[in-house]
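Taking our numbering, the leading residue of the sequence shown gets 717, the next gets one more, and so forth.
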Amino acid sequence: MLFWVVTKITLSLILLSITAVAFLSKCFFLAPTRAGWLVMATNIVYETLYKKFKWHRWGIDAVLTVLLGVGWSLVIGFWLAVPIVLLVALAWTYCLTIDLKWRTGELTTQDRRYGGKGPGGSRMFIPLPLPRLTLTLWGPVLHRRNRLEMGDWPVGHEDRFEAFILNPSLVVPQYPMTLEISSSNGAISVIEAPALSQRTPEPGELIRLPFRLKAIRPGRNITVLIRLTHGTYVVTQKLHFRSCVSTENLRPQAAEIRRWKGGAAAGFAWRGDHDLYDPATFQDAPGLRLALGLAKRFHIPTSIYMSGRLSLDENEHQKFCEYFGFDRRTREIPEFIRFLREECSFKAELDFPLPLEEGKPFAAELGNHMYLHYGTHAVACEDNQWILRAKMGEGAYSWQHTQKDSFHEQKDNVAKNNTLVYEKLGVKMLSWGSPGGIHDNDTGKALESAGILVSSGSDSSKWQKVWKLNHVHHPRSCPHLVEVSTKYPGDCDNANQIAMVHYWLGASRRKNGVFVLMNHHHLKLYESWSCFRHTENLFRYLLAEGQGDFYIATISALGLYWERVLCPEHRCIKIDKNGQTVTIQNTGDADLDQLPLEIDLGKDRRFMTLVDVPAGGKTNIELSERDAR
């Protein structure tokens, strides 16, 4: 009897664990919240089973559904087991439905006025798709959740805002759009509001509509409504001002900058690695045109980390192909180099919305991915006896200097790639991305010694990539190198992985962190379009649901902003208070714009303002009502 009780309790605990994994892994609606950790953690179980045993999710879920039915029937009886199994089956159905929706793309909606029944019940459907426009608001927002909290503005204070309206679809609009900005209370006035009726952006086009708000007189609980309308498609955002306060006897109690550019709570970057020239895996000009075209359509910058040996060096590429018996089209490399030089504008610091150089259709950051790509088959060469997945110290290379330790090998590897890329493309690379996830205790020091300013993957372990949100930091023994780490998962090709990304995006917002999406620019197109479509859906989520709370930029832009503005040891921003005046000084050699200065007015009153400060200059913020009307 005791044996049966113990067995039953043990079996119940096992079944509860399996049920929790099967159910919680599909609760995508929880992903952006703190409870999303459960969604992320349970999906790691599926990810581990696939990586270790190549067990696919659908097969695991099919087996689990049967096992749960049988197991719970034995423990609590058939009829009590039915609701549990039904709940798991419904969650699985929901998961498959969401995956299909995201996998196929949903960037338009039917105009409801022409999609229902007319007078007398007659059908009056007319195909009239409306692009699902995204509205992203830039401005001095303290907190972005269900509504945008503006805090407490001093009377007389005026600040700038900008509405970014994007058509991310391929659908041509047939109506103009309207953008209405209205205040619920005369205490806040809309200054320089854009015209009500506006031209709707064409496919992939982004329209910027600036406006200003001003505190006119004291008041409380003021709402400014921003309403975007295109046909029957409507997007709204609400700015909530807790109060407008008189500046009489008002003195700033504290002032600080602790957010990302534009007042964003988090940073976001898209990193991809280009290991070698290989048309079969879309690591060529057509493949990059697709990936960079996606970035262009959403105006999202990306960082391409290029390993030069098998991407730009025809001689090395030819020897590699001959040794393994591949035909990876070495003869096409000159045309690939022409594409990179003539069609791509490479700049280290880029942010949303993606700026394009005149005459060049694409823009990106080009970063250092080592001349010799460690850790994959691309590392094999004559100098290491064609060892697959070789690491540091497993070869004697012609580009190495006299010292053969890991530090000097990595430094020389970076320097060789810098020289080759500058020779072929004329690009100076400021950042580095780890090849094959390979690094050791010398990596950071070697990068810094080679002149790299920002790294990605120089000191993060696999455990950290999976379970921990690494904040931007200086690696150990590197006083100036800035590390911006990637997160797992990457190359997302199913809805469960995208839900895990949603969790890390939410965690980044809560912790003022950075999320780096590790999606190779081939986007796994050699397998299917799933990764491309899921990435497309993720970018729309980032702009539409992110509410402007992400500073979307290249790896270098994020790292250098942190170093200049947020780094406790090296930031070049100094803030002083004198009476009703706050002075922001920039001691660095780069102009800084949209710095999110938060000013504490005392008595739990606070507001933010965006400040531009030229290199070596100062900007004053004064609390004064002299301009109020």
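Each residue gets a CB set at the ideal place from its N, CA and C atoms; glycine is no exception.
For the stretch 1200-1278, the continuous beta strand (DSSP E) assignments of 3+ residues that do not extend past its boundaries occur at 1230-1234, 1266-1268, in sequence order. Counting only the Cα atoms, Ala807 lies some 7 angstroms from Cys743. Spanning the alpha carbons of Glu1038 and Lys1181 requires a straight line of approximately 36 angstroms. Restricted to the stretch 938-974, the beta strand (DSSP E) segments that are unbroken, complete and at least 3 residues in length are 949-961, 970-973, listed in chain order. With fewer than 16 other CB atoms across the displayed protein chains lying within 10 angstroms of its CB, Ala1306 is exposed.
If you check the CB distance, Cys960 and Trp869 come in under 8 angstroms. The alpha-carbon separation between Pro843 and Val951 amounts to approximately 22 angstroms.
Selection Val791, His859, His1093, Val1188 evaluated against Phe1040 yields His1093 as nearest (Cα-Cα). In the three-state reduction of the DSSP assignment, Pro845 falls in the strand class.
Gly1091 is the residue among Asp1156, Gly1091, Lys1063 whose C-alpha sits nearest the C-alpha of Ser1023.
When secondary structure is reduced to three states using DSSP, Pro799 falls in the helix class. Within the stretch 1289-1325, the beta strand (DSSP E) runs of at least 3 residues that lie entirely inside it are, in chain order, 1289-1294, 1297-1302, 1308-1318. The alpha carbon of Leu1313 has as its nearest neighbour, out of Gln1034, Tyr1242, Pro968, the alpha carbon of Pro968.
Setting aside the 5 residues that flank it on each side, Gly867 is surrounded in the same chain by Leu858, Phe957, Arg958, Arg1321, Arg1322, Phe1323, Met1324, each with a C-beta closer than 8 angstroms to its C-beta; the list follows chain order.
When the beta-carbon positions are compared, Leu1026 and Phe1036 come within less than 8 angstroms of each other.
Thr850 is positioned such that its CB atom lies no closer than 8 angstroms to that of Pro892. Contact between the stretch 1209-1228 and the stretch 776-789 is absent, with fewer than three C-beta pairs closer than 8 angstroms.
Sorting Glu1139, Lys1140, Gly1167 by C-alpha distance to the C-alpha of Ser1147 places Gly1167 at the top. An exposed status is given to Asn1336, since fewer than 16 other beta-carbon atoms sit within 10 Å of its beta-carbon. Cβ contact annotation for Asp827 (same chain, cutoff 7 angstroms, sequence separation greater than five): Leu844, Leu846, Gly947, Thr948, in chain order. Just so you know, the alpha carbons of Glu1338 and Arg936 end up roughly 22 angstroms apart. In this structure, Arg876 places its C-beta atom within 8 angstroms of the C-beta atom of Pro926. Here Glu1164 carries a helix assignment [DSSP, helix/strand/coil]. Cβ atoms of Leu1233 and Gly1206 come within 8 angstroms of each other, at about 7 angstroms. The stretch 1083-1090 and the stretch 1113-1132 touch, with no fewer than 3 CB-CB distances between them shorter than 8 angstroms. Excluding its 5 nearest sequence neighbours in each direction, Asp1292 has C-beta neighbours in its own chain below 6 angstroms: Thr1299, listed in chain order.
For Gly983, the secondary structure class from DSSP, reduced to helix, strand or coil, is strand. Scanning its chain for C-beta atoms nearer than 6 angstroms, with the 5 sequence neighbours on each side dropped, one finds around Phe1062 the residues Leu1082, Val1143, in chain order. Contact between Phe1266 and Phe984 holds: their C-beta atoms lie close to 4 angstroms from each other, under 8 angstroms. The alpha-carbon separation between Asp777 and Ser1165 amounts to approximately 50 angstroms. For Asn759, the uninterrupted alpha helix (DSSP H) run begins and ends at 752-769, by DSSP.
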